[in-house]
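Single-structure report; data block below.
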Amino acid sequence: MSDSAIATEQVAPRGSRRTGTLYRGDPGMWSWVAHRITGVLTFFFLFAHVLDTALVRVSPNAYDEIIETYKTPVVNLLEVGLVGAVLYHALNGLRVLLVDFWKHGPRLQKPMLWTILGIWVVVMIPGTYFMLERTVREMFGGN
Numbered sequence: 001m002s003d004s005a006i007a008t009e010q011v012a013p014r015g016s017r018r019t020g021t022l023y024r025g026d027p028g029m030w031s032w033v034a035h036r037i038t039g040v041l042t043f044f045f046l047f048a049h050v051l052d053t054a055l056v057r058v059s060p061n062a063y064d065e066i067i068e069t070y071k072t073p074v075v076n077l078l079e080v081g082l083v084g085a086v087l088y089h090a091l092n093g094l095r096v097l098l099v100d101f102w103k104h105g106p107r108l109q110k111p112m113l114w115t116i117l118g119i120w121v122v123v124m125i126p127g128t129y130f131m132l133e134r135t136v137r138e139m140f141g142g143n
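Here it is as structure tokens:
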């Protein structure tokens, strides 16, 4: 390899077109992406919730039919996903606040990320059990 080629490789900034993408798989980037996705999902849920709740004034019978569809196993799984998304979004939002407004936040942002993920798992495991218990019992029998 010539000296100019080595110099070009060393000078090319990390993430430039010569070395590929800017994204390097850092957990901080994943948390940023997950925060945006969970925020959008929560927004769309709230939008749908406002619409179906407003339906009660237009047609109480149609409202009752919609509510009955919410009692299906598929919707129950979606509810677990919704709770997981809202919980992650809330915990990560607190982490972002600490990173932005606490003097030690930027230095401790990765440990705080792993902490909120740990809290998320600890809360979601029993939460998932209790949310899916009735559906599993109805699908597979039991008391």
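Counting in full-length UniProt numbering, the sequence shown runs from 1 upward without gaps.
Backbone N, C-alpha and C fix where the C-beta goes; we use that ideal spot for every residue, glycine too.
If the criterion is Cβ atoms closer than 9 Å, does the pair residue i and residue j meet it?
i              : j             : result
threonine 53   : asparagine 92 : no
tryptophan 120 : leucine 87    : yes
valine 56      : tyrosine 63   : yes
leucine 132    : asparagine 61 : no
lysine 103     : glycine 28    : no
histidine 35   : valine 96     : yes
Throw me the rounded Cβ distance for the residue i and residue j pair, which I believe falls under 8 Å.
i            : j             : result
leucine 94   : glycine 105   : No, leucine 94 and glycine 105 are not in contact; Cβ-Cβ is about 11 Å, not under 8 Å.
histidine 89 : threonine 128 : That pair is no contact at about 17 Å.
Under the three-state reduction of DSSP, which class applies to residue i: helix, strand or coil?
i                 : result
alanine 7         : Confidence in alanine 7 is poor, its pLDDT being 47 and thus under 50, which makes the residue's placement too unreliable to answer from.
lysine 110        : helix
methionine 139    : helix
glycine 118       : helix
threonine 69      : helix
phenylalanine 101 : helix
glycine 127       : helix
aspartate 26      : coil
serine 59         : coil
Less than 8 Å separating the Cβ of residue i from some heavy atom of the ligand PLP?
i             : result
tryptophan 32 : Although the ligand PLP was asked about, the structure shown includes no ligands whatsoever.
Determine, using beta-carbon pairs with one atom in the segment 120-131 and one in the segment 71-90, whether at least three such pairs fall under 8 Å.
yes
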